[in-house]
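Asker:
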DNA sequence: AAGCCGGGGCC
DNA sequence: GGCCCAGGCTT
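Numbering (UniProt numbering), first residue to last: 1 to 331.
(1) Evaluate the contact criterion for the segment 243-261 versus the segment 303-311: three or more CB pairs, one atom per stretch, below 8 Å.
(2) Assign residue 291 to one of two classes, buried (16 or more other C-beta atoms within 10 Å of its C-beta) or exposed (fewer than that).
(3) Three Cβ pairs or more, each shorter than 8 Å: is that satisfied between the segment 64-71 and the segment 37-56?
(4) Does the distance from the C-beta atom of residue 203 to that of residue 322 stay below 7 Å?
(5) With hydrogens ignored, establish whether the beta-carbon of residue 39 is closer than 6 Å to any heavy atom of the ligand NAD.
(6) Grouping DSSP H, G and I as helix and E and B as strand, with all else coil, what is residue 241?
(7) Do residue 167 and residue 139 have their C-beta atoms closer together than 7 Å?
(8) Quick check: the Cα distance between residue 265 and residue 78, rounded to an integer number of angstroms?
(9) Select from 262, 281, 14 and 143 the residue whose C-alpha is nearest the C-alpha of residue 185.
(10) As a quick exercise: from 131, 27, 89 and 198, pick the residue whose alpha carbon is nearest that of residue 53.
(11) Using DSSP's beta-bridge definition, name the partner residues of residue 36.
(12) Leaving out the 5 sequence neighbours to the left and right, which residues in its chain are closer than 7 Å to residue 178 when beta-carbon positions are compared?
(13) Could you please give me the residues that DSSP links to residue 290 through a beta bridge?
(14) Suppose the cutoff is 7 Å on Cβ atoms and the five residues either side in sequence are ignored; what does the same chain contact list for residue 267 look like?
(15) Please state whether DSSP places residue 279 in a helix, a strand or coil.
(16) Identify, in the order they occur along the chain, each residue of the same chain with its Cβ nearer than 6 Å to the Cβ of residue 198, setting aside the five sequence neighbours on each side.
(17) Tell me whether residue 305 is buried or exposed, calling it buried when 16 or more other Cβ atoms sit within 10 Å of its Cβ.
(18) Per the contact definition of three or more C-beta pairs closer than 8 Å, is the segment 89-104 in contact with the segment 29-36?
(19) Could I get the ranges of all uninterrupted beta strand (DSSP E) runs contained in the UniProt domain "HhH-GPD" (48-189), with 3 residues as the minimum, in chain order?
(20) On a Cα-Cα basis, can you pick out the residue from 103, 111 and 120 that is closest to residue 91?
(21) Residues bridged to residue 216 by DSSP?
(22) So, residue 318 versus residue 283, is the Cβ gap smaller than 7 Å?
(23) Do residue 71 and residue 40 come within 7 Å of each other at the CB atom, strictly closer than that value?
(24) So what does DSSP say about residue 312, is it helix, strand or coil?
(25) Using DSSP with H/G/I as helix, E/B as strand and the rest coil, what is residue 231?
(26) What did DSSP end up calling residue 46 once you bin it into helix, strand or coil?
(27) For the alpha helix (DSSP H) containing residue 266, list its first residue and its last residue.
(28) In its own chain, which residues sit with a C-beta less than 6 Å from the C-beta of residue 302, not counting the 5 before and 5 after it?
(29) Report the residue from 152, 162, 175 and 160 whose alpha carbon sits nearest the alpha carbon of residue 133.
(30) Within 10 angstroms of its Cβ, does residue 316 collect 16 or more other Cβ (buried), or is it exposed?
(31) Given residue 225, which residues of its chain have a CB within under 6 Å of its CB, disregarding the five upstream and five downstream residues?
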């Protein structure tokens, strides 16, 4: 490409950068981690924000820092204590990875490539931390940026490599952290998935896809498989019976015994050495890929049990709430 | 490349 | 009920 083409392209980007950065400085939300300089806090916010809306992440950010104010404090903690703070936030591998990270390094590395090696950090989070905490000019491509770039360029199904290249090309190198946050802020508040507010967009002139925003990118289909399960609530001589869940689903958290499929109740009773149980109701709970219907049973003669301070998932809280509400006189 | 992994708010 | 969120890991 000739010099003329380079200059034209460069000026185009500068106009885009000025328009978006100007909009960002005027309209950005006041979030707890904005203005923070400590890399640990930036990292925590970015991990909490993985597949999680800002409003949902904020209380966890404060709770987490109150208990684990530094990387060193996190490293000394038990995993169960970390999960206790994380309970209810979902995607618990994030908490396990963060804990392992703290035990792996005593200080956060300052480059994208080194951050990418840490557990729980992929291309997005490594780029976000590198740019926001350390000023490295690397584009953070999240769902917002993917959607906006697809609309801007009228791309229906861009590849991750294509998106990263375009994002890096557009990035404002003198303010990479602000630029990345400006991109995501626009996506989260203006360039919305369903009903984009193009009339409020500072860079609508740059957008080739604004006539058909729903077309870029092509929506992906999700399948939720219905699953039938049975849960058993038992308050035995040692209190409420809980098991520590292993595996990937809710791994590390505690919960009441659950079995899926045919003969679930019989397997539960046999496993716990119990004679019989009575049905108290149904709990429905949706995961990303499953839609769970849980028949909740309890052992007759049950007293009230509590989970102590063990970390539980929302599913188990629902089950316990149903079983124990049923034990109360007035429901 | 495709599946798996939570929970919640919005339509 | 579907959609999708400041994604990453595993297979």
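C-beta atoms are modelled at their ideal positions from N, C-alpha and C, and glycine is treated no differently.
Answerer: With the structure as the only source:
(1) Segments in contact, yes.
(2) Against the first chain, residue 291 aligns to sequence position 291. Classification for residue 291: exposed.
(3) yes
(4) The count along the first chain starts at 1 and reaches residue 203 at position 203. The count along the first chain starts at 1 and reaches residue 322 at position 322. The answer is no: Cβ separation not under 7 Å.
(5) Although the ligand NAD was asked about, the structure shown includes no ligands whatsoever.
(6) Reading the first chain from its first residue, position 241 is the one you call residue 241. Residue 241 falls in the coil class under three-state DSSP.
(7) For the purposes of this step, residue 167 is identified with residue 167 of the first chain, where counting begins at 1. For the purposes of this step, residue 139 is identified with residue 139 of the first chain, where counting begins at 1. In this structure, residue 139 lies closer than 7 Å to residue 167 by Cβ.
(8) For this step, residue 265 is matched to residue 265 along the first chain. For this step, residue 78 is matched to residue 78 along the first chain. Going by the C-alpha atoms only, they are around 34 Å apart.
(9) On the first chain, residue 185 is found 185 positions in, with the first residue counted as 1. Of 262, 281, 14 and 143, the residue nearest in Cα terms is 143.
(10) Taking the first chain and counting its residues from 1, the one referred to as residue 53 is at position 53. Checked all of 131, 27, 89 and 198; the closest Cα to residue 53 is 89.
(11) On the first chain, residue 36 is found 36 positions in, with the first residue counted as 1. Answer is none; residue 36 lacks a bridge partner.
(12) Start at 1 with the first residue of the first chain, and residue 178 comes out as number 178. Hits under 7 Å: 21 and 24.
(13) Locating residue 290 in the first chain gives position 290, where the first residue counts as 1. Answer by DSSP bridge pairing, in chain order: 225.
(14) Counting from one through the first chain, the residue named residue 267 turns up at place 267. Same-chain partners within the cutoff: 259.
(15) Stepping through the first chain from its first residue, residue 279 is reached at position 279. Three-state result, residue 279: strand.
(16) Here residue 198 refers to the residue found at position 198 when the first chain is read from its first residue. Taken in chain order, the residues that qualify are 204 and 210.
(17) Residue 305 sits at position 305 when you count from the first residue of the first chain. Buried, by the Cβ-count rule.
(18) no
(19) none
(20) Here residue 91 corresponds to residue number 91 of the first chain, with the count starting at 1. When only C-alpha atoms are compared, the closest one is 120.
(21) The residue labelled residue 216 in the question sits at position 216 within the first chain. Residue 216 is not bridged to any residue.
(22) Locating residue 318 in the first chain gives position 318, counting from the first residue. Locating residue 283 in the first chain gives position 283, counting from the first residue. Yes, they are a contact pair.
(23) The residue labelled residue 40 in the question sits at position 40 within the first chain. The residue labelled residue 71 in the question sits at position 71 within the first chain. Yes, the Cβ-Cβ distance between residue 40 and residue 71 is below 7 Å.
(24) The residue labelled residue 312 in the question sits at position 312 within the first chain. Judged by DSSP in its simplified three-state form, residue 312 adopts strand.
(25) In the first chain, the residue the question calls residue 231 occupies position 231. Residue 231: strand per DSSP, three-state reduction.
(26) As a position in the first chain, residue 46 is number 46, starting the count at 1. Of the three classes helix, strand and coil, the one that applies to residue 46 here is helix, per DSSP.
(27) Position 266 of the first chain, counted from the first residue, corresponds to residue 266. Taken as a continuous stretch (DSSP letters only), the alpha helix (DSSP H) holding residue 266 covers 264-272.
(28) If you number the first chain from 1, residue 302 lands on position 302. Excluding positions up to five away in sequence, the list reads 235.
(29) Position 133 of the first chain, counted from the start, is the residue given in the question as residue 133. Of 152, 162, 175 and 160, the residue nearest in Cα terms is 175.
(30) What you label residue 316 is simply residue 316 of the first chain in a count that begins at 1. So residue 316 counts as buried.
(31) Sequence index remark: in the first chain, residue 225 carries index 225 (1-based). Closer than 6 Å at the Cβ level, and outside the excluded window around residue 225, lie 290.
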